[in-house]
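Residue numbers (the working numbering): 315 to 898.
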Ligand SMILES: *[C@@H]1O[C@H](CO)[C@@H](O)[C@H](O)[C@H]1NC(C)=O
Ligand SMILES: *[C@@H]1O[C@H](CO)[C@@H](O)[C@H](O)[C@H]1NC(C)=O
Ligand SMILES: *[C@@H]1O[C@H](CO)[C@@H](O)[C@H](O)[C@H]1NC(C)=O
Ligand SMILES: *[C@@H]1O[C@H](CO)[C@@H](O)[C@H](O)[C@H]1NC(C)=O
Ligand SMILES: *[C@@H]1O[C@H](CO)[C@@H](O)[C@H](O)[C@H]1NC(C)=O
Ligand SMILES: *[C@@H]1O[C@H](CO)[C@@H](O)[C@H](O)[C@H]1NC(C)=O
Ligand SMILES: *[C@@H]1O[C@H](CO)[C@@H](O)[C@H](O)[C@H]1NC(C)=O
Ligand SMILES: *[C@@H]1O[C@H](CO)[C@@H](O)[C@H](O)[C@H]1NC(C)=O
Ligand SMILES: *[C@@H]1O[C@H](CO)[C@@H](O)[C@H](O)[C@H]1NC(C)=O
Ligand SMILES: *[C@@H]1O[C@H](CO)[C@@H](O)[C@H](O)[C@H]1NC(C)=O
Ligand SMILES: [Cu+2]
């Protein structure tokens with residue numbers, strides 16, 4: 315038993331000696347780890363025996379190679395969130411979209427280049443809900459030996475990974491939700507760098523601490539790795555200057571409040587210019603609707619920022635936090651970010667090839683096969699885009715089916731608009747009840763190489779308005795406008811920012827509102843688009859883009875790597891067992 319609790323820190327980072335590029339290599343052993351939190355002990359799934367997992371620290375232009383060895387009892391995959399994966403779709407990671415899962419006892423090597431992006435991203439599990447504890451930071455610095463940051467050089471860089479914690483086994487929590495067709499149980503705590511902070515029972519020592527020195531500047535690389543909650547983050551007595559989001563530089567934006575959705579990152583400078591003392595950093599959820607239908611985890615996680623000269627026993631000052639329902643504060647932050655324009659950087663495409671209008675929201679569907687505890691009369695909870703509730707295939711990844719031309723795994727008929735246009739966001743409109751029911755399908759949107767898409771994302775009030783963090787794999791998109799209520803082109807188009815809109819990989823679509831995004835499909839492959847609340851992804855809030863090859867070898871997807879996982883059920887091989895014994 316103990317030999318499988320692999321507390322191995324075998325992260326081999328070897329850096330080839332090349333002028334401006336290197337190969338950064340890691341080995342991820344994924345396995346059981348026993349940890350104590352909130353007065354009890356729990357077995358979690360973790361990489362190399364650590365929570366959060368290892369940081370991947372690279373420069374733009376480098377190649378990353380990660381050997382993932384699955385010694386956990388679960389199927390899993392790893393996704394490199396926000397990485398463009400130019401011509402390396404096989405390494406993107408979402409289960410059944412670009413690969414079959416890595417089964418227990420098996421391994422897969424992810425290999426990809428970091429091209430044209432700098433800042434903070436992250437990696438996480440992408441087969442079920444294991445990303446609760448299987449996640450870590452990706453830090454991309456400017457290309458080796460050339461450029462500096464487009465902001466004053468910080469004295470220190472500090473990853474801040476915000477997470478969520480359940481006392482129960484997270485796979486059991488998700489399984490129960492599936493079997494009953496009900497909402498997933500909410501978390502028991504939030505975490506900062508894997509620790510709950512001292513406002514929870516038995517947690518005095520389980521707190522992240524950052525020591526600072528007066529006058530120094532800290533670059534906080536903030537990542538929201540929580541499964542199901544957007545978060546408000548503050549540090550008492552301090553202000554931030556946001557300089558990047560989702561690994562895209564922004565014009566400096568000063569604020570004392572960071573708002574961050576699951577999937578997003580924020581790089582913020584913080585100068586230690588307060589009276590030397592101890593200060594709490596704190597995060598609590600942004601719930602976005604004052605009358606939530608579901609229960610939510612209303613706790614607060616904390617960390618401590620302590621000035622060097624201050625006594626470790628001094629009581630930290632707590633920041634004044636916004637209310638859970640402060641839509642104004644969230645919108646102020648989300649809507650005021652703009653891209654930093656530098657010569658040669660991507661600018662917003664002015665010509666649009668395809669327009670899509672996509673509703674996102676919750677509803678219900680017939681109980682699915684296997685949902686044995688589901689109420690047949692009421693049906694199961696479901697989520698959909700344009701009334702299509704996404705069903706993951708089971709026999710083969712969509713990318714493999716696309717590449718080999720296998721029929722019957724998916725259909726390329728994801729609709730460009732909803733079946734009916736209605737008063738999307740008026741919750742008191744009784745006709746919404748008739749729009750409640752959706753059905754399961756595996757519909758993707760096919761795009762020719764280099765197509766520029768403009769998509770309006772429209773939240774619906776059918777089963778309660780929410781702020782859905784929509785993420786697209788491979789493509790960063792410009793957020794040209796956002797607002798509340800129903801999207802109306804007559805007024806919205808006047809507000810488009812076609813000069814310096816923020817560039818993101820995850821957009822928190824305003825609660826009961828809309829957002830307009832533009833991107834160019836300049837990478838062949840199959841790319842998932844989905845809500846980054848895991849509970850909504852599991853309910854079907856997803857679709858995918860099937861992007862054709864371009865006309866040249868530089869725009870053609872190469873074949874899959876030799877160790878590409880298949881969906882055949884596998885048994886642990888003798889050789890693997892020998893390896894494990896050796897490690898013990
Ligand atoms: C890992 O933990 C799970 C319980 O969470 C247990 O069922 C399984 O046997 C453990 N596996 C190993 C190899 O220890
Ligand atoms: C943006 O432009 C700067 C300066 O021209 C360049 O160094 C950087 O690599 C560009 N970044 C991206 C993501 O294209
Ligand atoms: C979910 O919460 C309910 C109510 O608190 C509890 O009875 C149930 O055991 C929980 N499910 C899991 C899988 O922990
Ligand atoms: C959190 O919810 C619990 C149970 O609903 C309630 O008793 C408590 O007052 C709430 N706490 C906060 C800070 O809202
Ligand atoms: C940000 O956006 C809000 C609208 O939500 C606006 O009122 C505010 O003045 C803007 N500027 C700043 C610096 O927050
Ligand atoms: C099933 O759902 C129906 C309709 O919502 C409801 O009336 C009934 O009480 C539910 N049955 C159970 C066992 O919960
Ligand atoms: C919402 O729908 C209700 C019921 O149909 C209607 O009375 C109300 O005027 C609508 N509200 C708006 C803002 O359109
Ligand atoms: C949504 O899909 C369901 C099931 O396919 C269908 O019954 C329903 O009419 C559709 N809703 C709308 C608004 O078209
Ligand atoms: C794709 O678009 C880029 C940028 O607009 C352009 O440089 C390239 O030639 C295009 N490729 C094809 C095959 O159209
Ligand atoms: C694990 O993956 C294999 C291959 O796709 C599949 O046959 C099996 O059902 C999966 N197991 C679970 C528990 O999902
Ligand atoms: Cu969602």
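Think of the CB as a built atom: it goes at the ideal place given N, C-alpha and C, for glycine as much as any other residue.
When burial is assigned at 16 or more other CB atoms within 10 Å of the CB, is residue i buried or exposed?
{"i": "residue 353", "result": "exposed"}
{"i": "residue 427", "result": "buried"}
{"i": "residue 609", "result": "exposed"}
{"i": "residue 879", "result": "buried"}
{"i": "residue 665", "result": "exposed"}
{"i": "residue 424", "result": "buried"}
{"i": "residue 812", "result": "exposed"}
{"i": "residue 560", "result": "buried"}
{"i": "residue 511", "result": "buried"}
{"i": "residue 735", "result": "exposed"}
{"i": "residue 655", "result": "exposed"}
{"i": "residue 690", "result": "exposed"}
{"i": "residue 626", "result": "exposed"}
{"i": "residue 693", "result": "buried"}
{"i": "residue 883", "result": "exposed"}
{"i": "residue 413", "result": "buried"}
{"i": "residue 361", "result": "buried"}
{"i": "residue 772", "result": "buried"}
Our contact map puts residue i next to residue j with C-beta atoms below 8 Å; I'd like the distance itself, whole angstroms only.
{"i": "residue 869", "j": "residue 838", "result": "6 Å"}
{"i": "residue 596", "j": "residue 633", "result": "6 Å"}
{"i": "residue 370", "j": "residue 437", "result": "7 Å"}
{"i": "residue 418", "j": "residue 468", "result": "The Cβ separation is near 42 Å, so there is no contact."}
{"i": "residue 563", "j": "residue 591", "result": "The pair is not a contact, with the Cβ atoms about 32 Å apart (cut-off 8 Å)."}
{"i": "residue 401", "j": "residue 872", "result": "6 Å"}
{"i": "residue 767", "j": "residue 832", "result": "7 Å"}
{"i": "residue 835", "j": "residue 861", "result": "5 Å"}
Closest to residue i by C-alpha separation, out of the options, would be which residue?
{"i": "residue 543", "options": "834, 502, 737, 384", "result": "502"}
{"i": "residue 356", "options": "485, 381, 414", "result": "485"}
{"i": "residue 874", "options": "440, 711, 398", "result": "711"}
{"i": "residue 364", "options": "377, 347, 540, 379", "result": "347"}
{"i": "residue 612", "options": "583, 565, 500, 737", "result": "500"}
{"i": "residue 846", "options": "614, 765, 441", "result": "441"}
{"i": "residue 701", "options": "678, 571, 458", "result": "678"}
{"i": "residue 509", "options": "516, 522, 515", "result": "522"}
{"i": "residue 567", "options": "577, 703, 554, 478", "result": "554"}
{"i": "residue 729", "options": "674, 696, 745", "result": "674"}
{"i": "residue 337", "options": "361, 372, 482", "result": "372"}
{"i": "residue 298", "options": "784, 757, 482, 362", "result": "Nothing can be reported for residue 298: it is not among the residues displayed for the chain, which extend from 315 to 898."}
{"i": "residue 687", "options": "737, 754, 495, 536", "result": "495"}
{"i": "residue 472", "options": "492, 537, 439", "result": "537"}
{"i": "residue 547", "options": "524, 796, 594", "result": "594"}
{"i": "residue 651", "options": "713, 672, 787, 572", "result": "572"}
{"i": "residue 444", "options": "351, 366, 653", "result": "366"}
{"i": "residue 458", "options": "658, 429, 504", "result": "429"}
{"i": "residue 493", "options": "681, 857, 765", "result": "681"}
Return the bridge partner residues of residue i from the DSSP annotation.
{"i": "residue 815", "result": "652"}
{"i": "residue 760", "result": "860"}
{"i": "residue 579", "result": "537"}
{"i": "residue 749", "result": "Answer is none; residue 749 lacks a bridge partner."}
{"i": "residue 773", "result": "674"}
{"i": "residue 523", "result": "618"}
{"i": "residue 899", "result": "Since the first residue shown for the chain is 315 and the last is 898, residue 899 is missing from the structure and cannot be characterised."}
{"i": "residue 732", "result": "None, per the DSSP bridge assignment."}
{"i": "residue 645", "result": "According to DSSP, which records beta bridges pairwise, residue 645 is partnered with nothing at all."}
{"i": "residue 433", "result": "454"}
{"i": "residue 567", "result": "556"}
{"i": "residue 909", "result": "No statement about residue 909 is possible, as the shown extent of the chain runs from 315 to 898 and does not include it."}
{"i": "residue 832", "result": "768, 792"}
Pick out the complete beta strand (DSSP E) segments inside the region 840 to 873, 3 residues or longer, and give them in chain order. If you keep only unbroken beta strand (DSSP E) runs of at least 3 residues inside the region 840 to 873, you get 856 to 861.
Can you give, in chain order, each stretch of the beta strand (DSSP E) that sits fully within the region 689 to 714 and has at least 3 residues? Counting whole runs of 3 or more residues, the region 689 to 714 contains the beta strand (DSSP E) stretches 694 to 699, 702 to 704.
Unbroken beta strand (DSSP E) runs of length 3 or more, entirely within the region 447 to 509: which are they? Taking only runs of at least 3 residues, the beta strand (DSSP E) segments lying wholly in the region 447 to 509 are 449 to 455, 470 to 479, 503 to 506.
Which complete beta strand (DSSP E) runs does the region 347 to 379 hold, if anything under 3 residues is left out? Runs found: 354 to 361, 370 to 373.
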